[in-house]
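Asks: Residue numbers (the UniProt record's numbering): 1 to 149. This is the structure I want to talk about, given as structure tokens.
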């Protein structure tokens with residue numbers, strides 16, 4: 001069984017300033033965890049929201065399990081995130097502040113075999129911040145090239 005599953009949301013780091021990070025468990029069905037272990041998940045369009053004091057991740061695409069029968073799951077259903085009450089309360093109060101949102105950063109399999117979602121409390125970047133990020137990345141690539149050759 002391959003434990004090296006780490007699906008990263010690159011768009012989140014480009015679009016947002018990450019203020020806090022949390023590791024949350026996900027309530028999944030059997031075919032969903034099997035599909036994640038095959039690496040067939042996409043978190044680029046996903047976002048987190050509170051519904052009745054529970055944190056849900058929406059638009060998290062987990063492809064249908066190839067060997068599943070009629071028990072297969074729906075690809076883009078809402079999934080409950082599992083955090084302790086203190087973390088949920090803190091996220092809910094901070095998430096209601098103007099300009100702050102909760103975004104998924106990475107999906108991975110823990111050492112114990114559970115699927116975990118790294119979420120971050122984020123603040124949206126302005127256009128000039130995004131340009132600054134692109135400049136930093138370009139200069140880093142140029143420095144790496146100069147060091148190699």
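Note that beta-carbon positions come from the ideal geometry of N, C-alpha and C, so glycine has one too.
#1: Does the beta-carbon of residue 55 have 16 or more other beta-carbons within 10 angstroms, so that it is buried, or is it exposed?
#2: Below 8 Å, how does it come out for the stretch 133-144 and the stretch 43-61: are there three or more Cβ pairs, yes or no?
#3: Can you tell me where the alpha helix (DSSP H) holding residue 95 begins and where it ends?
#4: Which parts of the stretch 27-64 are runs of the alpha helix (DSSP H), unbroken and 4 residues or longer, counting only runs that do not cross its ends?
#5: Is the Cβ-Cβ distance between residue 20 and residue 99 less than 8 Å?
#6: According to DSSP, is residue 21 part of a helix, a strand, or is it coil?
#7: What does a CB cutoff of less than 6 Å around residue 122 pick up in its chain, not counting 5 residues either side in sequence?
#8: State the DSSP-derived secondary structure class of residue 75, mapped to helix, strand or coil.
#9: In this structure, how does DSSP classify residue 118 when only helix, strand and coil are distinguished?
#10: How many angstroms separate the CA atom of residue 1 from the CA atom of residue 113?
#11: Is residue 8 helix, strand or coil when you go by DSSP?
#12: Secondary structure at residue 67, three-state DSSP: helix, strand or coil?
#13: For residue 1, which of helix, strand or coil comes out of DSSP?
Replies: Let me spell this out:
#1: buried
#2: no
#3: 85-95
#4: 30-37
#5: no
#6: strand
#7: 16, 18, 101, 103
#8: coil
#9: strand
#10: Because the pLDDT of residue 1 is 46, which lies under 50, any placement of that residue in the model is unreliable, and the question is left without a value.
#11: strand
#12: coil
#13: Reliability fails at residue 1, whose pLDDT of 46 lies under 50, so the model's placement of it is uncertain and no value is given.
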